[in-house]
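A quick write-up on the structure given underneath.
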Amino acid sequence: MRLRRSPQTVLVLSEFLQAPQDWKYGYDISRNTDLKSGTLYPILIRLAERKLLETRWETLEAGKPPRHMYKLTAGGLRYAREQVPSASKHPVGQPAFSGVKS
Amino acid sequence: MTTARRLALRILNIVVRFASPGAQDWAKAMLREMDFIENDWTALLWALGSTRILLWRRDAPLAELCDVPRAARRFQKQISRRNLREYAASAFVIVGVGYYISAFHSALIRTGCALVIVGTLFMVYTLHKRGSARTVSAEFELRTCMDFHRKELQRQRDLLRDVWSWCLLPLVPGMLVFRAGLLEQALERPNASAQAGVIAFALFVVMCAGLFVGIGKLNRWAADKLQREIDAIDKLEKES
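Residue numbers (our numbering), protein chains in the order written: chain A, 698 to 799; chain B, 3 to 242.
Pasting the structure below:
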C-alpha cells in the first residue's frame with residue numbers, strides 16, 4: 698500500500714533521510730520541517746501503519762514519562778529514497794508527465 | 003506556568019483522554035513533546051494541532067492486543083451513554099405524545115399517540131434487552147477480555163443492523179394514524195380543501211420516510227464500523 702505523495706509527506710521523508718539511522722522526536726521533526734503538529738502526526742501515523750516507520754518509547758529520566766521516537770524501517774528507507782529524489786525532479790503536487798505532446 | 007501553557011496542557015490531556023485506543027499512544031506522544039517546547043504559544047499551537055488526532059483518528063483501529071481491555075471499557079461506556087440518551091429521548095417523546103392524548107379529542111389522533119407510545123416503549127424494551135451495557139471485569143485475562151469484547155461488538159452490530167425492526171418500523175403505524183387524525187380534523191373545518199390535506203399528508207409521509215431511511219443508513223454505517231473493529235481484533239489475534 699502506498700502513501701499519497703503530498704509535499705508534506707516528502708518533507709517528512711527527507712527529514713528522516715538526513716540521518717536514516719537516528720531516532721527522531723516529533724517536535725524536532727516539526728521544527729526542522731516547519732510542519733504543524735496537526736499535519737505532522739497524521740503523516741507519522743500513516744507511515745507507521747504501513748510499517749514504513751518504526752516507533753519506540755524512550756525513558757530519558759526516571760520518574761518522567763517516556764518519549765516517543767521514530768525511525769524509518771528498511772522498507773521505509775527504500776520508500777523514502779524512491780519518493781524524495783523523484784520529488785526534487787518533479788515539483789510535488791503536480792503531474793509528473795504534464796505537457797507531453799502527442 | 004502561563005495561561006497559554008496551562009491551556010495547552012489542558013487541551014492535550016483532553017485529547018489523550020478521549021482519543022480512541024488506536025490513537026492514544028500518539029496523543030500521549032504529543033503530550034510528552036510539550037515538555038520540550040520552550041515557547042508557550044508554540045506549545046499552545048502544538049496542542050491545538052493535536053485535536054486533529056482526536057477527530058481524524060476517532061475510529062482508529064486497535065494497534066495491539068494489549069489495547070483490548072481499554073477498548074472494551076471505553077466501548078461499554080459509549081454504549082451506556084448512548085442508551086441513556088435514547089432513554090431520555092424516549093421519555094421526552096412519551097411525555098410529549100401523552101400530552102397530545104389529553105389535548106386532542108379526535109379518536110384517530112389519540113389512537114395514533116397511543117400507538118407511538120407503544121412503539122417507543124417497545125424500542126426502549128428492546129434496547130434494554132438486547133443492547134444494554136455490560137461490565138468489563140478487571141479480573142478478565144487478556145484472552146477472556148478479547149472474547150468478551152468481540153461478542154459485545156457483535157451484539158451491538160446486530161442490534162444496529164436490525165434497527166428497522168425494533169426502532170423505526172414500530173413507530174410507523176402510530177405516526178401514520180396520528181397524521182391521518184390531523185387530516186381528518188382539518189377536513190372537518192369549513193372551506194377545507196381535501197386536495198391540500200392529502201398533499202400535506204403525502205409530504206409528511208415522504209419526509210418521515212426520508213428521515214427513517216437516513217437513520218437506517220446511519221445505523222448501517224455504525225454497524226459496518228463495528229464490523230471493522232471485529233475484523234481488527236481477529237487480525238491481531240491471528241498475528242499474535
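The beta-carbon is built from N, C-alpha and C at its ideal position, and this holds for glycine as well.
(message) If we require 4 or more residues per run, which alpha helix (DSSP H) segments fall completely within the region 112-185 of chain B?
(response) 144-163
(request) Could you work out which residue in B/F124, B/D69 and B/A25 is closest to B/E239 when comparing CA atoms only? (result) Locating residue 239 of chain B in the second sequence gives position 237, counting from the first residue. Ranking B/F124, B/D69 and B/A25 by Cα distance to B/E239 puts B/D69 first.
(request) May I have the straight-line CA-CA distance separating B/A6 from B/V120, to the nearest angstrom? (result) Counting from one through the second sequence, the residue named residue 6 of chain B turns up at place 4. Counting from one through the second sequence, the residue named residue 120 of chain B turns up at place 118. So the alpha carbons of these two residues sit roughly 53 Å apart.
(message) Given a cut-off of 8 Å on the beta-carbon distance, is the pair A/L741 and A/G723 in contact?
(response) Position 44 of the first sequence holds residue 741 of chain A. Position 26 of the first sequence holds residue 723 of chain A. A contact, by the Cβ cut-off of 8 Å.
(request) Spell out whether any CB of chain B is found under 8 Å from the CB atom of A/Y738. (result) Residue mapping note: residue 738 of chain A aligns to position 41 of the first sequence, counting from 1. Chain B, which has a Cβ nearer than 8 Å to the Cβ of A/Y738, makes this yes.
(message) Closer than 7 Å to a non-hydrogen atom of the ligand FAD - does that hold for the CB of B/R87?
(response) What this structure holds is no ligand at all, so the ligand FAD is not there to describe.
(request) Could you spell out where the alpha helix (DSSP H) holding B/R84 opens and where it closes? (result) Position 82 of the second sequence, counting from 1, holds the residue named residue 84 of chain B. V70 to A105 is the span of the alpha helix (DSSP H), which, as asked, contains B/R84.
(request) Mind reading off the beta-carbon distance from B/G183 to B/I111? Whole number of angstroms is fine, and I expect it under 8 Å. (result) Counting from one through the second sequence, the residue named residue 183 of chain B turns up at place 181. Counting from one through the second sequence, the residue named residue 111 of chain B turns up at place 109. The pair is a contact, with the Cβ atoms about 3 Å apart (cut-off 8 Å).
(request) Measure the alpha-carbon distance for A/F794 versus B/I235 and round it to whole angstroms. (result) What you label residue 794 of chain A is simply residue 97 of the first sequence in a count that begins at 1. What you label residue 235 of chain B is simply residue 233 of the second sequence in a count that begins at 1. Interpretation of A/F794 is limited by its pLDDT of 41, a score under 50 that renders its predicted location unreliable; the figure taken from the coordinates is listed afterwards. The straight-line gap from Cα to Cα measures roughly 42 Å.
(request) Within the same chain, show all residues whose beta-carbon is closer than 8 Å to that of B/R163, passing over the 5 residues directly before and after it, in chain order. (result) Counting from one through the second sequence, the residue named residue 163 of chain B turns up at place 161. Counting only Cβ-Cβ distances below 8 Å, and skipping sequence neighbours, we find N221, R222 and A225.
(request) Indicate whether at least one CB of chain B lies closer than 8 Å to the CB of A/M698. (result) As a position in the first sequence, residue 698 of chain A is number 1, starting the count at 1. Its pLDDT being 46, under 50, A/M698 is placed unreliably in this model, and the coordinates cannot settle the point.
(message) What would DSSP say about A/K748, mapped onto helix, strand or coil?
(response) For this step, residue 748 of chain A is matched to residue 51 along the first sequence. The answer is coil: DSSP assigns A/K748 none of H, G, I, E or B.
(request) Give me the Cα-Cα distance between B/A45 and A/T752, rounded to the nearest whole angstrom. (result) Taking the first residue of the second sequence as 1, we reach residue 45 of chain B at position 43. Taking the first residue of the first sequence as 1, we reach residue 752 of chain A at position 55. So the two alpha carbons sit approximately 23 Å from each other.
(message) I want to see whether chain B comes within less than 8 Å of A/V789, judged by CB atoms only; does it?
(response) Within the first sequence, residue 789 of chain A is the residue found at index 92, counting from 1. Its pLDDT being 45, under 50, A/V789 is placed unreliably in this model, and the value from its coordinates should be taken loosely. Not one chain B Cβ lies under 8 Å of A/V789.
(message) Quick check on DSSP: helix, strand or coil for A/L757?
(response) Residue numbering aside, residue 757 of chain A sits at position 60 when the first sequence is read from its first letter. The answer is coil: DSSP assigns A/L757 none of H, G, I, E or B.
(message) I'd like the list of long-range same chain contacts for A/Y776, defined as Cβ closer than 6 Å, with 5 residues on each side in sequence excluded.
(response) For the purposes of this step, residue 776 of chain A is identified with residue 79 of the first sequence, where counting begins at 1. Answer for A/Y776: L749, listed in chain order.
(request) Helix, strand or coil for B/A21, going by three-state DSSP, please let me know. (result) Counted from its first residue, the second sequence places residue 21 of chain B at position 19. Looking at B/A21 - three-state DSSP - the assignment turns out to be coil, as it is neither helix nor strand.
(message) Let me confirm a value: B/S134 is counted as buried when at least 16 other C-beta atoms fall within 10 Å, else exposed. Which label applies?
(response) If you number the second sequence from 1, residue 134 of chain B lands on position 132. By the 10 Å Cβ count, B/S134 comes out exposed.
(request) Measuring only between beta-carbons, confirm whether B/M3 sits less than 8 Å from chain A. (result) In the second sequence, residue 3 of chain B corresponds to position 1, counting from 1. Chain A, which has no Cβ nearer than 8 Å to the Cβ of B/M3, makes this no.
(request) Identify whether A/R764 lies in helix, strand or coil by the three-state DSSP scheme. (result) Stepping through the first sequence from its first residue, residue 764 of chain A is reached at position 67. Note: A/R764 maps to strand in three-state DSSP.
(message) Within 8 Å, do at least three Cβ pairs link the region 184-195 of chain B to the region 100-118 of chain B?
(response) yes
(message) Which residues in chain B have a C-beta closer than 9 Å to the C-beta of A/S703? List them in chain order.
(response) Counting from 1 along the first sequence, the entry for residue 703 of chain A is found at position 6. Residues of chain B passing the Cβ test: none, with the nearest at roughly 14 Å.
(request) Could you tell me if B/T122 is buried or exposed, where buried requires 16 or more neighbouring beta carbons within 10 angstroms of its beta carbon? (result) By one-based count along the second sequence, residue 122 of chain B stands at place 120. With 16 or more Cβ atoms within 10 Å of its Cβ, B/T122 is classed as buried.
(request) Please list the partners that B/L47 has in chain A, where partner means a Cβ-to-Cβ separation under 8 Å. (result) The residue given as residue 47 of chain B occupies position 45 in the second sequence. Within chain A, the residues near B/L47 are K733 and S734.
(message) According to DSSP, A/K721 sits in a beta bridge with which residue or residues?
(response) The residue labelled residue 721 of chain A in the question sits at position 24 within the first sequence. Partner(s): A/Y767.
(message) Let me make sure I understand the geometry here. Which of A/L744, A/R778, A/Y767 and A/D725 has the alpha-carbon closest to that of B/L40?
(response) In the second sequence, residue 40 of chain B corresponds to position 38, counting from 1. Position check: residue 40 of chain B holds Glu in this sequence, whereas Leu was assumed. Here the closest residue by C-alpha is A/D725.
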